[in-house]
Each structure stands twice: as structure tokens, then as C-alpha cells.
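Inspection log for the structure reproduced underneath, given as C-alpha cells.
2 protein chains.
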Amino acid sequence: MTTSKPLIVPVPLGARAYDILVGRNILGEGVEQIKKLGVRKVALVTDENVHSLHAERIIKTLADNGVDVAAPVVVPAGESSKSYAVLAKTCDDILATRVERGDLVIALGGGVVGDLAGFAAAIVRRGMRFVQMPTSLLAQVDSSVGGKTGINSSHGKNLVGAFHQPSLVIADTAILDTLPERELRAGYAEVIKYGLINSERFFFWCEENWQQIFAGGPERDEAVAHSCRAKAEVVVRDEFENGDRALLNLGHTFGHALERIVKYDNARLVHGEAVAIGLAQAFRFSARLGLCAGQDAGRVEAHLKSVGLPTRLQDVPGGAGSVDAILDAMTQDKKVKAGTLTFILAKGIGKSFIAHDLNKADVAAFLMDEWNS
Amino acid sequence: MTTSKPLIVPVPLGARAYDILVGRNILGEGVEQIKKLGVRKVALVTDENVHSLHAERIIKTLADNGVDVAAPVVVPAGESSKSYAVLAKTCDDILATRVERGDLVIALGGGVVGDLAGFAAAIVRRGMRFVQMPTSLLAQVDSSVGGKTGINSSHGKNLVGAFHQPSLVIADTAILDTLPERELRAGYAEVIKYGLINSERFFFWCEENWQQIFAGGPERDEAVAHSCRAKAEVVVRDEFENGDRALLNLGHTFGHALERIVKYDNARLVHGEAVAIGLAQAFRFSARLGLCAGQDAGRVEAHLKSVGLPTRLQDVPGGAGSVDAILDAMTQDKKVKAGTLTFILAKGIGKSFIAHDLNKADVAAFLMDEWNS
Chain A
1 MTTSKPLIVP VPLGARAYDI LVGRNILGEG VEQIKKLGVR KVALVTDENV HSLHAERIIK
61 TLADNGVDVA APVVVPAGES SKSYAVLAKT CDDILATRVE RGDLVIALGG GVVGDLAGFA
121 AAIVRRGMRF VQMPTSLLAQ VDSSVGGKTG INSSHGKNLV GAFHQPSLVI ADTAILDTLP
181 ERELRAGYAE VIKYGLINSE RFFFWCEENW QQIFAGGPER DEAVAHSCRA KAEVVVRDEF
241 ENGDRALLNL GHTFGHALER IVKYDNARLV HGEAVAIGLA QAFRFSARLG LCAGQDAGRV
301 EAHLKSVGLP TRLQDVPGGA GSVDAILDAM TQDKKVKAGT LTFILAKGIG KSFIAHDLNK
361 ADVAAFLMDE WNS
Chain B
1 MTTSKPLIVP VPLGARAYDI LVGRNILGEG VEQIKKLGVR KVALVTDENV HSLHAERIIK
61 TLADNGVDVA APVVVPAGES SKSYAVLAKT CDDILATRVE RGDLVIALGG GVVGDLAGFA
121 AAIVRRGMRF VQMPTSLLAQ VDSSVGGKTG INSSHGKNLV GAFHQPSLVI ADTAILDTLP
181 ERELRAGYAE VIKYGLINSE RFFFWCEENW QQIFAGGPER DEAVAHSCRA KAEVVVRDEF
241 ENGDRALLNL GHTFGHALER IVKYDNARLV HGEAVAIGLA QAFRFSARLG LCAGQDAGRV
301 EAHLKSVGLP TRLQDVPGGA GSVDAILDAM TQDKKVKAGT LTFILAKGIG KSFIAHDLNK
361 ADVAAFLMDE WNS
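If you're matching them up, the sequences are chains A and B in order.
Position 153, counted from 1, in the first sequence is what UniProt numbering calls 153; the numbers after and before it change by one each time, with no gaps.
Position 285, counted from 1, in the second sequence is what UniProt numbering calls 285; the numbers after and before it change by one each time, with no gaps.
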């Protein structure tokens, strides 16, 4: 295995500061950084898919470099592992490795593993350090950065969890070569989200370069590093989501509602696809409210379509539920504050903002039109 | 109901500072303080026993004072509720009340409810504020103060949890009048622990006044307030248990092992009883190592006995397991660091200290003698 020098994105969170390493085949450099954390023993959590593809090589590299890794904790692949039951088993399996306070949990996998293992690390022995090794594009550009961890409840997605910052993130972009095309596309929805939030330039660059990002050229590293930097900037301003961090939820209020309606069935809809529809909807809703040009909403939708992402309620296989069902699913979202609806809307590409106290009737009317369009 | 002025013990933890109110019939004052927190809605968690004894009156008082309380979340009484399953149900039940971030969880009950509901508050919506209303002596003097929350794992007690400080603690000592004698005694083990840690004077005062503490005189309020102050001082020095806070574990390394061996069966051993045996053992072990006078160990044991608490392995109904079983149970304790044993030992009454790197063989020999004594 060749090892190259990674791009380094610092996340300056004071006592909880950490670095994100981004690049192709950077495991060697990653292991050096892990050794600097001064751990005695490592509990590695991964899922069945990642385990068969990557775990052996990674554990061997760690062991060859003198890091004591316990037998890996392997959970079933898929969103259904973000459950109370799998959390309980993961915590018990970590405890069974006899890691102690001050030791390390490594989350090797996509967003599900990162959220689950990160949450387990937050609560086993009332908090252990952990390192994210994200293996999906979605996890590399979004869920592994910022310290949000958690599981789903029957009441909604990510409603149970903790803010627990990793000690290090190792985003090896070569690992994405083994990712199914659909997963890559889904992660890409979060990449262009950063352009839509506050960088028209990055969105335009994505329109030009998306094929190289998918193909694994240096543009992929650039896109991942830019996304991490963009997210880190927001997280540093608002670690515990009392304000600005909500911007990162662009496309997610609609998106989470859809995921809830399909009961997190990945066969029908994965998170990034729900976000893609949510992004397109956020822009169409903004245009409908006269906040942004219809042209911008059209451009967002066109780009999402060109990479093969869904953009409409009608694109949800098996249907997206009634307007009432979607509204109800939205009001149990964490972003609800004192009964009013909060949305992230846009005045144009790269000009998103937090809109409080939105009129529920306006949302309902918009959804009705979406259904009839 | 008459309402009196409480004693106030401040816990100065910076952004997480809070007050502990201690006194007889102080609910009225407590509600005033809750209102000052500016909450919209309250989810109250309690257990079946406390629910039938106290919940109705407390909910009515809150409601009469304009605090919106959802239907209470009621869990089974007893240590077995500190489980993954009851935690999951508690989180879901709290979510079902549709409380939002910024709202409040109230933990009304003993140590189990406080640990469980506090942990649920720590993780529902990635952290909600909560108020402790401890209804047992144990909870008033120990578990409700300091922010440790959590549940048990098959690997050991409190191995899964969070540091999550309450926003307020309301310790109504009149509520202890309804407590079974055994529970009062068990809580009292934690009271005298504070004397044994660093205040010979408080231990002597307890020897003189324990009957008034049990009877519910003003000495009870004094003992609870002193205990809270003593614990708060340690917690403020070391919120996340990286050092001094371990002193609070005096009697707990042996105690937790015994609880584990009886599988947390309260019929055989409640936490305070395990601590009582652990306290006596910590002093006998200290005496055996030549650290403290045998007279001190004798005096500790005599006082524990005089209030009716157990002090010997032989006092555990159904047996305390073999020496090997006890040792094994101890090494999975959170206080194990890099494979060596850490104990809280004493150079005398009120002169406890943290002893690192204890020789396991010495502990084994001590336990063997204990069995044969």
C-alpha cells in the first residue's frame, strides 16, 4: 500500500480541537497520529460490509505499528443499526474488550457506524476518546465531522445521542473506490449542500468537476477537504447547535420527514437521497415565497438530476405519504422550537439562512403543490 | 402543606453551576426555582412506588404554579430499571411528551430514577436540562449531586452513562419520612462516608446524632446539607473524575464487586449496604497494611453495626462469592486503570487517600483472611 501526505483540516474547538486528515491511502499517516494520542488499547467498531472489505488490512496496519487492537466489534450494515438494541450490544462488546478510560474507540465505517460507535464512545465509561475512519463519502464530508452522534427513535431520526467530538478523523478517499455508485451519489448531495449554503463558487466548481469527484481524481480530495472545512467553520461557531449550526440542516427538514415516512428503509431512500429531494424542495419553497429566483431553484434541481439524484416527492419509490403525514413527520423533528417551524431557506445559491416561525399553512400549501406538479 | 425556607448548597461549576435546596417541605420554594429556569414544558420521570406516594401532590403543585407537566413517565421500582431496555423506554416516553430542547426533565425518585432519568435527559435530543428531586436519603446525599448519570451493563455497575449536571436539586427531607427503615440505613452509609473521607469531626457528630437523623429532626437537614457540601467540594475540584473525585469511591471498590456478585438483587443487598461493608473493609484493609490504627477500623465497624448496617462478607445473605469471584468483579470496575488496582484507603478516620498500583496479591490475601475471620 502506498501512503501519501494528507490534506489537514483543523477543527479548532479549544480543549476538544482535532484534525481531519483527507487524502488517498493515508492510513500510514493516520496510524502515526493515532499513536500520538497515547492510547493503550483500541476497540474498533465496524459493520459487516466494511469489515469484509477493509478491516483486516487496517487492523494489521495498526498492529504492525504497535497499536493493540482488540477483536473488532461488528454490527449489521444499514440504518437499522442506529437502534437502542444495537447500541446496547455495541457498548457491551466494547466493554468486553476491557478497554479502559483513556483508551480509544475507532469507528470504521459510514455514517451509521460513526454515529453509533461515536455515541457508544460517548457513554461507555461515561466517555471514551474516539477516532472516526469514515468509509463513505457521506460520512467523510458530513457525519464524521462536528461531534454529533446518536441513534434513531421511533419518534424520529437522531433523537437520542450526544455531542462527542472525535480526537481525530481519517478520511481515506481511496476507500471510496469500493463504494456502490448509489452511495457515492447520496454522499455527493451533502457535498453540494456546502455550496448551496454559502459558496456559489463551490457549487459552480462542483457543476464542472462532479465527474472527477466520482471518478476519484484529486478533485475528490479537494471536494472532501472543502466540505470538511466548510462544516468545521460552522461547528466552531456553534458547537451545540444553538444557532448557526442549523444552516447545515439545509434540505434536512424535508429530508428527515421523508426518511421517517419510508421508515428508514434504505432500499427505498438513503439519507443523501432524502437530502437531495430536501435541497431541491428548500429552493423551490424559497422561490415560491419570493425569496430566491426560480432560475436558482431550477439550476439546483438540474444539477442534482444530472448526477442521478432524486429531486421530487414523486421520486420516492413507493410514495412519500400524504401532505399531512409529511407535516406531522416534520413537527417531531429536533429543529422544532416551541411549536413553530424552522426551515433553512435560500435567497439564492450560496445564500442560505435560518427562517424561524414559518407558517405551517404555507408549508402545507407548498407540499400540496409539490404533489400536484 | 407547610413550606419552609431551605438550606442552599451551591455547586459552583461555572456554566454548569446549580443550587441544592435542602429542608423539610420545601416544594413551594423548589417550584419557584424551577419557574426561574424558564421552561415551557416538563417531563417528569418517577418510579411506581414514588408515583403512588408523592407524584400526584408534586405534579399538582407544579401545575397550580403554572408549570406545564406532561403525564408522568413511570418506570418499575428497583435497580433493574437501570437497564438498556428501561433507558430506551424512558427516552421514548420523554419524546412522546413532545418536550423540546430547552424544556426540562424532572427526576423524582431515588438513586435509580435519578441515574436513569438524568442519563435519559443527557441523551434525549442530545441533551436536555433536568432537575433532581431525590426521594431517598442515598439520592439526596450522593447520587443527585455531581452529575454522574448512567445505567448498569452485564459487565458492571454504571459502566454506561454520561456526566450531565442537573440545573437544580430539590432535597425535601420530609419525603424521607415515608422511606422504609432499611433504605434510610443504606443511605446513611453514604452520609458517614463523608466523615470517613475527610472529616473526623463530622463522623463523631454522626456517632452522636444518628438517631435524630433517622427520626427526622433538624439534624437530618444538617446531615444532608453537610453531605451535599462535602460532595460538591470534591466535584468542583474534579468534575470528570480524573483525580480527586475518586475519593468519593471510598468503600465502593469492594461494594460494587459485592453488588455485582449478587447480580444487583436488592432483596439480598442494596447499594448502601454494599458500601457499608466496603467502608468497613477499606478500613480493615488499611489497618492490615499498617496505614491506619486497628482502633479506627474497629470504631468504623462498630458505628455501622450500631445503626444496623452490615460490615462483613459473611453478612451478605446467600454468600458473597469466592475470593476469586470478588477479585474478578473488582477488575472490571471503572476505577481500574491500565490493569492495576486503585483503592481508596485511609490513614485514619477522616484521612482517606487514593492508593494507586495496589498489589492484587495483597488484596487477595486480605479477602482470604476476611473469609476466614
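Backbone N, C-alpha and C define an ideal beta-carbon position, used for all residues, glycine too.
For the options Gly195/A, Ala293/A and Arg288/A, the alpha carbon positioned closest to that of Leu304/A is the one of Gly195/A. By the Cβ criterion, the stretch 58 to 70 of chain B is in contact with the stretch 20 to 36 of chain B, since at least three pairs of Cβ atoms, one from each stretch, lie closer than 8 Å. For Thr61/A, the three-state secondary structure derived from DSSP is helix. Rounded to the nearest whole angstrom, the CA to CA distance from Leu327/A to Asp92/B is 20 Å.
With a cut-off of 8 Å on Cβ pairs, the stretch 352 to 370 of chain B is not in contact with the stretch 263 to 278 of chain B, counting fewer than three such pairs.
Annotation: His164/B is outside any beta strand (DSSP E) and is labelled neither H nor E by DSSP.
The straight-line gap separating the alpha-carbon atoms of Asn249/B and Ile344/B is approximately 7 Å. Bounds of any beta strand (DSSP E) do not take in Arg299/B; it lies within the alpha helix (DSSP H) bounded by Gly294 to Ser306. Per DSSP, the unbroken beta strand (DSSP E) holding Ile344/B starts and ends at Leu341 to Ala346. Each residue's CA atom was taken as its position, placing Glu241/B and Ser286/A some 49 Å apart. By the Cβ-count criterion, Asn198/B is buried, with 16 or more other Cβ atoms from all chains shown falling within 10 Å of its own Cβ. Taking CB atoms only, Leu159/B has a neighbour in chain A less than 8 Å away. Among the bridge pairs identified by DSSP, Thr46/A is matched with Val74/A and Leu108/A. Comparing C-alpha distances from Ala71/A to each of Gly78/A, Asn266/A and Ala63/A shows the shortest one belongs to Ala63/A. Annotation for Leu269/A: Leu258, Glu259, Val262 and Val316 place their beta carbon closer than 7 Å to its own, counting only its chain and skipping 5 residues before and after.
For Asn152/A, the secondary structure class from DSSP, reduced to helix, strand or coil, is strand. Against chain A, the CB of Phe163/B has a partner CB under 8 Å away; the residue lies at that interface.
Scanning its chain for C-beta atoms nearer than 6 Å, with the 5 sequence neighbours on each side dropped, one finds around Arg129/A the residues Leu104 and Ser167, in chain order.
Put simply, the backbone Cα of Ile58/A is about 37 Å away from that of Arg245/B. Taking the Cα of Ala139/B as reference, the smallest distance to any Cα among Trp371/B, Val86/B, Glu219/B and Val169/B is reached at Val169/B.
The beta carbon of Arg126/A falls within 8 Å of a beta carbon belonging to chain B, placing the residue at that interface. Bounds of the beta strand (DSSP E) holding Met133/A are Arg129 to Pro134. For His356/A, no CB of chain B lies under 8 Å from its own CB, so it is not counted at the interface with that chain. Distance between Val42/B and Asn25/B, taken at the CA atoms: about 21 Å. Per DSSP, Ala355/A is one residue of the beta strand (DSSP E) stretching across Ser352 to Leu358. The beta-carbon of Asp92/A is placed less than 8 Å from the nearest beta-carbon of chain B. A distance below 8 Å separates the beta carbons of Val45/A and Ile106/A. Proximity of the stretch 87 to 102 of chain A to the stretch 144 to 157 of chain B meets the contact definition, three or more beta-carbon pairs being nearer than 8 Å. Selection Ala189/A, Cys228/A, Pro180/A and Tyr84/A evaluated against Ser144/A yields Cys228/A as nearest (Cα-Cα). Using beta-carbon distances, Gly150/B counts as an interface residue toward chain A, with a partner under 8 Å. DSSP lists no beta-bridge partner residue for Ala329/A. Apart from sequence neighbours up to five positions away, the residues of its chain that approach Ala186/B with a beta-carbon distance below 7 Å are Leu138, Val270, His271, Gly272 and Glu273, ordered along the chain. Annotation for Asp265/A: no alpha helix (DSSP H) segment contains it, and DSSP assigns it neither H nor E. Exposed is the label assigned to Glu181/B, since fewer than 16 other Cβ atoms lie within 10 Å of its Cβ.
Against Leu95/B, the close residues of chain A are Ser153, His155 and Leu159, in the order they occur along the chain (beta-carbon pairs closer than 7 Å).
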